[in-house]
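Single-structure report; data block below.
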Amino acid sequence: MNLFQLKEEYCEKQKFIRLNMEKIRMIECKMEGLKATDIRSEIVEGRSKRKDLADLLHQKVELEKEIESLNDELLSYNPIITELEAIYKELGNRDKQIYIERKIRGYSPVRIGIKWGIDERTVRRIVKKVEKMIECPKMSAPL
Numbered sequence: 280m281n282l283f284q285l286k287e288e289y290c291e292k293q294k295f296i297r298l299n300m301e302k303i304r305m306i307e308c309k310m311e312g313l314k315a316t317d318i319r320s321e322i323v324e325g326r327s328k329r330k331d332l333a334d335l336l337h338q339k340v341e342l343e344k345e346i347e348s349l350n351d352e353l354l355s356y357n358p359i360i361t362e363l364e365a366i367y368k369e370l371g372n373r374d375k376q377i378y379i380e381r382k383i384r385g386y387s388p389v390r391i392g393i394k395w396g397i398d399e400r401t402v403r404r405i406v407k408k409v410e411k412m413i414e415c416p417k418m419s420a421p422l
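Residue numbers (the working numbering): 280 to 422.
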């Protein structure tokens, strides 16, 4: 897994955390103002269906656990991302641009070669060199 894939995955997990936090906020809004001695007897009405308070509390706890596990994963990604960014900064600007144009933007080697005044083989060689440098050995190992 390279730097760009890792950053994409990091952003996806952050979006998922924000989504779960919004779900928790909605659950708390539904439960607001309810006081019950027996939480199974209290019914909360929502848009789609009726749920009792115990189910909502269980849902909230599950979402909080999921958020906590995702936060732990994100914390483990931070040192790897900073290490890969440091390696990426060592590359030359031309190599970075060629890699971004080929892998991120999806331009053909011919188009890139015309822009930079090099042949297709050189474009492919530069892309391989950059991939080799920014490859993360910790993340590509099978679990």
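Glycine is no exception: its CB is placed at the ideal position from the N, C-alpha and C atoms.
To the nearest angstrom, how far is the alpha carbon of residue i from that of residue j?
i: Asp351; j: Gly392; result: 43 angstroms
i: Arg403; j: Pro388; result: 7 angstroms
i: Ile413; j: Leu342; result: 34 angstroms
i: Lys428; j: Asp331; result: Coverage of the chain is limited to positions 280 through 422, which leaves residue 428 absent and any answer about it impossible.
i: Phe295; j: Ile359; result: 21 angstroms
i: Lys309; j: Leu298; result: 17 angstroms
i: Arg390; j: Glu399; result: 9 angstroms
i: Lys411; j: Gln376; result: 16 angstroms
i: Glu347; j: Thr401; result: 46 angstroms
i: Met300; j: Tyr386; result: 38 angstroms
i: Ile383; j: Glu311; result: 46 angstroms
Going by the beta-carbon positions, is the gap between residue i and residue j smaller than 8 angstroms?
i: Leu282; j: Ile306; result: no
i: Ile303; j: Lys344; result: no
i: Arg381; j: Trp395; result: no
i: Tyr289; j: Tyr367; result: no
i: Gln293; j: Leu363; result: no
i: Val409; j: Leu370; result: yes
Which full runs of the alpha helix (DSSP H) of 4+ residues lie inside the region 334-412, going along the chain? The qualifying runs are 372-378 and 388-395.
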